[in-house]
Amino acid sequence: MKEKKILGLSYPWFLVSILWVVAFLNYLDRILITSMRDPIVADFQLNDAQFGLLTSVFLWSYGFLSPFGGYFADKIGRRKVIIFSVVVWSAATVFTGYAQTYHQMIISRIIMGMSEACYIPAALALITDYHKGKTRSLATGIHMSGLYAGLALGGVGGFIAEAYGWRFGFHLFGIFGILYSFVLIYGLKDKKASAEELAAAETKEEPIKISALLSQLFKNYAFIIILIFFCVLGMVNWLVNGWMPTFLKESFDLGLGEAGISATAYIQIGSFVGVLLGGIISDRWSATNPNARLNMIIIGFLVGAPFLFLLSFTSVFAIAIAAMFIFGLARGFNDSNLMPALRQIINEKYIATGYGFLNFLSTIVGGLMVYVGGALKDAAIPLSVVYQFSAACLILGTLSLFLIVKRTKK
Numbered sequence: 304m305k306e307k308k309i310l311g312l313s314y315p316w317f318l319v320s321i322l323w324v325v326a327f328l329n330y331l332d333r334i335l336i337t338s339m340r341d342p343i344v345a346d347f348q349l350n351d352a353q354f355g356l357l358t359s360v361f362l363w364s365y366g367f368l369s370p371f372g373g374y375f376a377d378k379i380g381r382r383k384v385i386i387f388s389v390v391v392w393s394a395a396t397v398f399t400g401y402a403q404t405y406h407q408m409i410i411s412r413i414i415m416g417m418s419e420a421c422y423i424p425a426a427l428a429l430i431t432d433y434h435k436g437k438t439r440s441l442a443t444g445i446h447m448s449g450l451y452a453g454l455a456l457g458g459v460g461g462f463i464a465e466a467y468g469w470r471f472g473f474h475l476f477g478i479f480g481i482l483y484s485f486v487l488i489y490g491l492k493d494k495k496a497s498a499e500e501l502a503a504a505e506t507k508e509e510p511i512k513i514s515a516l517l518s519q520l521f522k523n524y525a526f527i528i529i530l531i532f533f534c535v536l537g538m539v540n541w542l543v544n545g546w547m548p549t550f551l552k553e554s555f556d557l558g559l560g561e562a563g564i565s566a567t568a569y570i571q572i573g574s575f576v577g578v579l580l581g582g583i584i585s586d587r588w589s590a591t592n593p594n595a596r597l598n599m600i601i602i603g604f605l606v607g608a609p610f611l612f613l614l615s616f617t618s619v620f621a622i623a624i625a626a627m628f629i630f631g632l633a634r635g636f637n638d639s640n641l642m643p644a645l646r647q648i649i650n651e652k653y654i655a656t657g658y659g660f661l662n663f664l665s666t667i668v669g670g671l672m673v674y675v676g677g678a679l680k681d682a683a684i685p686l687s688v689v690y691q692f693s694a695a696c697l698i699l700g701t702l703s704l705f706l707i708v709k710r711t712k713k
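For what it's worth, my numbering labels the leading residue of the sequence shown as 304, then goes sequentially.
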């Protein structure tokens, strides 16, 4: 029977296309605030630590709820969790634009973090439910490119703030997200189990309990290594995402809008190239090497992390642009391959829960480091030193993945 197509796409690729927009909004809504630092700081009379806390509380609430978001996606279905997530975080985005006090800003960021926590584990699980083997990394990578587009466009928040005030962007994109949820209601569907999967499920006993699930995950050597690596990556990513506009503005004497778009655009262009290139190469390489997806992540950051170090002390803006692009390329290699690699390591039935735990620890650590970055800046320690430390940690974290590759080869 010939597969029915939607807008000329098979359903697995149609799914990627409509979730791409959601991924775009997911990161756009959360990152808008970082490129609007000056007017928000002036409006609420904040210091840098308080401004950093706005991103930190988002990440902490996001992190704490991520395992539950993943568990609910495994338990009640990816579709319901995705739609719920989009509606609530979009409403929180709208509310952010109406906040009149710092405490209201904190509350809106917490609600946004809690609701966004449900999306990524559910979305990546659903995409990899539909995409097997030959298309898994590429489909994952294309979806993740939506996150990069959201980060890149989030940089225009500085221009929006200069032209219309900082509140306008939150109203505009929040309302769009609420309206787009109707597309998801009609367009998303959970993957039905095949006859073989149903037959296998019937032979199993009672569903695994949460305690048994946690035991299964945390007794898995490879999962622990990836968890450590992802914590380091979360720390680095959010120091870059949260403070790069400020770093570029101060280091290269850029305007608010130019610093905001530069901080996101060059890294995300590199990441976009990286997810496509990394996805295509690893999908082909995995046919002959079971460690192909992990190897792509290792190659990416062993090349890309030193360029973050270079970025921290160069005084030439053209070199800074090249460094941001190559660091972004490495992030793309990671993002197209992490979920496919994870599905080779843990029970696929609980893949969303496993990814939720990765988000949990990485965003808690990332949120802490965004706050610490602001506190260090208040203490007159330059962001360049923070980025040098981050690059060194990322190299060490990447090297830890060799422990998985080495054990697999035995």
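Glycine included, each C-beta is placed from N, C-alpha and C at the ideal position.
Can you grab the Cα-Cα spacing for the pair Val319 / Ile430, in whole Å?
7 Å
Ends of the alpha helix (DSSP H) at Asn662?
Ile654 to Asp681
Determine the DSSP secondary structure at Gly530, reduced to helix, strand or coil.
In the sequence as presented, Gly is not what sits at residue 530; that position holds Leu. In this structure, Leu530 counts as helix in the three-state DSSP scheme.
Quick one: give me the first and last residue of the alpha helix (DSSP H) that Val606 is part of.
Ala595 to Phe616
Taking 9 Å as the cut-off, decide whether the C-beta atoms of Val384 and Phe375 are in contact.
yes
Spell out the partners DSSP gives Ile622 in its beta bridges.
DSSP output for Ile622 lists no bridge partner at all.
Give the single residue among Ala420, Ile624 and Phe347 whose Cα lies nearest to the Cα of Phe371.
Ala420
Segment contact, 8 Å Cβ cut-off, at least three pairs: the region 689-706 with the region 541-551:
yes
By how many angstroms is the C-alpha of Leu331 removed from the C-alpha of Gly472?
10 Å
Where Phe327 falls, given that 16 or more other Cβ within 10 Å makes a residue buried:
buried
Measure the alpha-carbon distance for Leu482 versus Ala562 and round it to whole angstroms.
31 Å
Identity of the residue in Phe485, Ala455 and Leu450 nearest Gly560 by Cα
Ala455
Per the contact definition of three or more C-beta pairs closer than 8 Å, is the region 583-599 in contact with the region 428-445?
yes
Could you tell me which uninterrupted alpha helix (DSSP H) segments, each at least 4 residues in length, are contained entirely in the region 316-343, listed from first to last along the chain?
none
Nonlocal neighbours in the same chain, by C-beta distance under 7 Å from Met672, ignoring five residues either side
Met538, Trp541 and Leu542
With a threshold of 16 other CB atoms inside 10 Å of the CB of Glu508, please say whether the residue is buried or exposed.
Here Glu508 scores only 46 on pLDDT, less than 50, and its place in the model should not be relied on; the value that follows carries that caveat. Glu508 should be labelled exposed.
One question on the structure: do Gly573 and Phe620 come within less than 9 Å of each other, judged by their Cβ atoms?
no
Taking DSSP as the reference, what is the three-state secondary structure of Lys495?
coil
Label Ala395 either buried or exposed according to how many other C-beta atoms from any shown protein chain fall within 10 Å of its C-beta, with 16 as the threshold for buried.
buried
Measure the C-alpha to C-alpha separation of Ile513 and Ser565 and round it to an integer number of angstroms.
44 Å
Under 9 Å between C-beta atoms of Thr404 and Ile336:
no
Own chain partners of Lys308 with C-beta closer than 6 Å, once the 5 adjacent residues on each side are dropped
none
Report the rounded CA-to-CA distance for Ala695 versus Gly670, giving the unit in angstroms.
19 Å
At the level of alpha carbons, what is the spacing between Thr358 and Ala608?
23 Å
Around the C-beta of Leu312, are 16 or more other C-beta atoms found within 10 angstroms, so that it is buried, or is it exposed?
exposed
Thinking Ser338 and Gly460 are a contact (beta carbons under 8 Å), I'd like their distance in whole angstroms, please.
4 Å
Spatial neighbours of Gly676 within its chain, please: C-beta separation below 8 Å, excluding the five flanking residues on both sides.
Gly355, Leu542, Gly545, Trp546, Leu686 and Val689
Can you tell me which of the three DSSP states Lys308 falls into?
strand
Which class does Ser589 belong to by DSSP, given the choice of helix, strand or coil?
coil
Could you tell me the alpha carbon to alpha carbon distance between Tyr569 and Gly457, rounded to whole angstroms?
13 Å
Pro593 and Gln519 closer than 9 Å at C-beta:
no
Sort Lys495, Phe663, Met408 and Arg634 by Cα distance to Gly444 and report the nearest one.
Arg634
Separation of Ser703 from Phe532, as counted between CA atoms:
7 Å
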